[in-house]
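Worksheet: one structure, shown below.
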Amino acid sequence: SRTVDENTTLIIDSTSGLLANVTDVDSSIFEVVSYTIDGMPAKQPIGSPVTIPDVGIITIDADGSFSFAPATGYTGAIPAITYTISDGNGGTDTSVLALTIVPGPITPAADVNVLPQNTPLSVDAAHGVLSNDLALAGEALMVTTFTVGDQTAVAGNPVAIPGVGTLTINPDGSYSFAPLIGYAGAVPVATYTVEASSGVTSTATLTLEVLSVPPTAKPDSIVTDPNIPVAIDVLQNDIQIAGNTYTVVQINGQPISVEQPVTLPDGSGVVSLNSDGTLVFTPAATIYGNTSFTYTIMDDKGGSSTSTVSVTIRPPSTFIGAVPFTPGTDALSASSTEPYSVQTSGIVVDTVERTGLNSHASILSTERIVLDAVNSARSLNGMTELPSTDSVVGFVNRAIDEQRIAEAASDLQGDLNSQSWMPDGMMGFSLHSRIGEGHLDNASSLDHKLVVEALVRDGTLYIQLKDFTALDTGHRVDWIRRQGEAQFTVQLADGRPVPEWLSVSSQALLIGQRPANIESIDLRIVASFPDGATIIRYVSINTDTGEIEQIENRRAGLERPVTLSQQFAALEPGELDFAILGDFLADR
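Residues 12 to 599 (this note's numbering) make up the sequence shown, in order.
The structure is reproduced here in structure tokens:
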């Protein structure tokens with residue numbers, strides 16, 4: 012009995028063939044003279060190939076040598092072959108040749124694949140785990156089971172790998188893997204069992220790896236003023252992978268952390284890192300213009316990317332105080348000899364008395380402007396419409412020339428001990444707030460005041476900024492308004508530029524037709540004086556009424572509305588201004 016590997020031809024020579032162990036007492040010459048095959052009726056010819064249907068081809072030679080080529084894929088015993096030998100002297104004998112075809116081995120091969128982070132992988136059968144496994148011709152292969160760690164599943168069923176993802180290997184060798192969001196790294200090796208149609212089995216492995224996708228940093232830009240910190244979330248526009256954690260790790264190639272800020276080499280400022288991952292750029296106090304710095308982000312898988320933040324540091328002043336007016340030729344006049352007279356009563360009289368005209372006498376005609384304006388202002392405060400344009404705004408327009416003469420006269424005289432009273436007007440929805448004063452450490456003997464006036468006229472918001480400097484003469488303090496002396500910087504309270512709808516003129520004036528959905532605007536106003544003194548205030552202005560509120564520390568503190576009565580109670584000499592439009596309607 013002999014065995015033959017599946018799909019393998021067996022060849023046996025005469026020395027090992029059918030006559031190899033034959034003996035006879037009176038002869039030593041033997042030959043095979045005939046043979047039969049079970050299931051086949053006739054004797055088969057010696058020396059010629061004989062086909063056994065569906066089994067293979069047998070050839071037996073007279074010297075006992077033989078060969079057998081099994082049919083492709085056939086396994087098992089072949090039909091018995093009975094052969095007859097002769098000693099040449101008339102003696103014969105018979106014996107049986109038994110052959111068994113055994114299944115051939117499977118030669119499996121390990122499989123390796125990679126996939127990007129957060130991306131499911133699906134591989135068809137043509138490229139699956141069986142595509143590189145070898146079996147003998149005619150053998151069909153299939154996956155029966157697979158094991159990952161301590162989990163074994165029948166092919167076609169998913170296996171959830173804790174903290175990694177889900178793997179499925181199908182009987183035909185196709186497979187799929189769905190990684191968990193954010194996972195990157197090696198996947199535990201899967202060992203699968205492959206079985207041939209002959210019943211032979213073997214095992215092989217599938218190794219997967221999830222590759223981390225690095226971030227992509229993108230450029231950012233910020234705008235600020237000297238010595239004004241500005242925060243920026245550089246990560247918000249960068250390309251990030253879900254499930255990963257990102258951190259800014261370098262500025263201009265230097266390490267940065269919450270405890271370790273980075274000073275830019277050009278001296279333009281310092282970059283610090285907040286605990287929430289945002290950056291804060293603090294520009295130097297005396298530098299403005301354009302600068303930039305690079306930032307590098309890194310994810311928790313080790314991927315990194317670098318981009319640039321472009322910085323614009325605006326000049327110290329967004330706009331500068333009003334230019335002097337040119338004297339006109341209208342009713343209001345002032346001289347150093349004539350006594351002053353006031354043709355009104357009540358609040359106007361009291362107010363004018365408190366302005367302190369000192370030795371500078373004025374003739375104040377209030378028939379058109381002061382009386383009607385103030386009387387209207389009392390009832391208009393807080394309303395949304397002007398009941399009579401002529402009674403308020405109309406008088407303001409007609410009083411512009413009067414105001415010009417008064418201001419010009421004061422400027423030309425140069426007498427700091429005297430103060431011309433000017434009908435500058437608080438009317439309509441105009442409110443007058445004294446929001447910055449007090450002796451400043453860096454102002455020597457000078458004291459300063461920042462005044463903000465607002466008016467809404469025909470849906471247009473007018474905001475006028477005025478600066479006052481106090482002069483101590485030894486026996487009294489006079490407030491002197493010096494137009495153009497202070498430099499003003501105006502931003503939104505959160506540090507952003509003022510909106511486009513609010514334009515800035517050359518006369519410390521902001522004018523804008525406010526959008527319908529804007530009820531108020533919060534501003535940060537900085538007044539810088541030549542002696543180094545600085546006043547910084549935050550105000551909120553109602554765009555419907557012009558009402559001004561002082562807000563402390565970017566609305567971190569209590570809001571304090573400024574009402575009409577509070578304004579009059581807070582007035583100082585030279586501070587009352589009627590007709591806010593008087594500073595800027597020269598061309599109307």
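Cβ coordinates follow ideal geometry from the N, Cα and C atoms, glycine included.
Can you tell me whether DSSP reads A137 as helix, strand or coil? helix
Nearest to Y203 (by Cα), restricted to the options Y186, Q475, A195: Y186
Round the Cβ separation of A228 and D244 to the nearest angstrom and send it over; I've been treating them as touching at under 8 Å. Actually they are not in contact, since the Cβ atoms of A228 and D244 sit about 13 Å apart, beyond 8 Å.
Drop a sphere of 10 angstroms on the beta-carbon of D122, count the other beta-carbons inside from all chains shown, and report buried for 16 or more, exposed for fewer. buried
Unbroken beta strand (DSSP E) run spanning E558, endpoints: Unbroken run through E558: none, as it is neither H nor E.
Along the chain, where does the beta strand (DSSP E) that runs through Y186 open and close? 186-190
Would you list the one or two residues that DSSP bridges to T177? Paired residues: A171, A189.
Short of 7 Å in beta carbon distance, which residues of its chain neighbour Q524, apart from the five on each side in sequence? Order them along the chain. Excluding sequence neighbours, Q524 sits near G470, T471, W512.
Taking the straight line between their C-alpha atoms, what separation do you get for G79 and F188? Looking at the sequence shown, residue 79 is not Gly but Phe. So the two alpha carbons sit approximately 47 Å from each other.
3-residue-minimum beta strand (DSSP E) runs that sit fully inside the segment 515-546, ordered along the chain: Within the segment 515-546, the complete beta strand (DSSP E) runs of at least 3 residues are 520-524, 531-539.
Per DSSP, R507 is paired with what? Answer by DSSP bridge pairing: none, since R507 is not bridged.
Taking 7 Å as the cut-off, decide whether the C-beta atoms of V154 and I112 are in contact. no
Expressed to the nearest angstrom, what Euclidean distance is found between the alpha-carbon atoms of I308 and V175? 25 Å
Any idea which residues DSSP pairs A197 with across the strands? E220
For K54, name the three-state secondary structure that DSSP assigns. coil
Report yes if the C-beta distance between T218 and V205 is below 7 Å; otherwise report no. Result no, Cβ atoms of T218 and V205 do not sit closer than 7 Å.
Which stretch, first to last residue, makes up the beta strand (DSSP E) that contains T155? 152-159
T14, buried or exposed, once every other Cβ within 10 Å from all chains shown has been counted against 16: exposed
Where does I22 land, buried or exposed, given buried means 16+ other C-beta within 10 angstroms? With a threshold of 16 other beta carbon atoms within 10 Å, I22 falls short and is exposed.
Please return the same chain residues whose Cβ sits closer than 7 Å to the Cβ of A171, not counting the five positions on each side in sequence. Same-chain partners within the cutoff: T177.
With a cut-off of 8 Å, do at least 3 Cβ pairs link the segment 530-538 to the segment 246-265? no
In the DSSP assignment, the beta strand (DSSP E) including S76 goes from what residue to what residue? Here S76 belongs to no beta strand (DSSP E), and DSSP marks it neither H nor E.
Given T216, which residues of its chain have a CB within under 8 Å of its CB, disregarding the five upstream and five downstream residues? A121, D122, V200, A201, T202, Y203
Output needed for L2: all residues of its chain with C-beta closer than 6 Å, excluding positions within five of it in sequence on either side, in chain order. The chain is shown from 12 up to 599; residue 2 falls before or after that span and cannot be answered.
For T70, the first and last residue of its enclosing beta strand (DSSP E): 67-71
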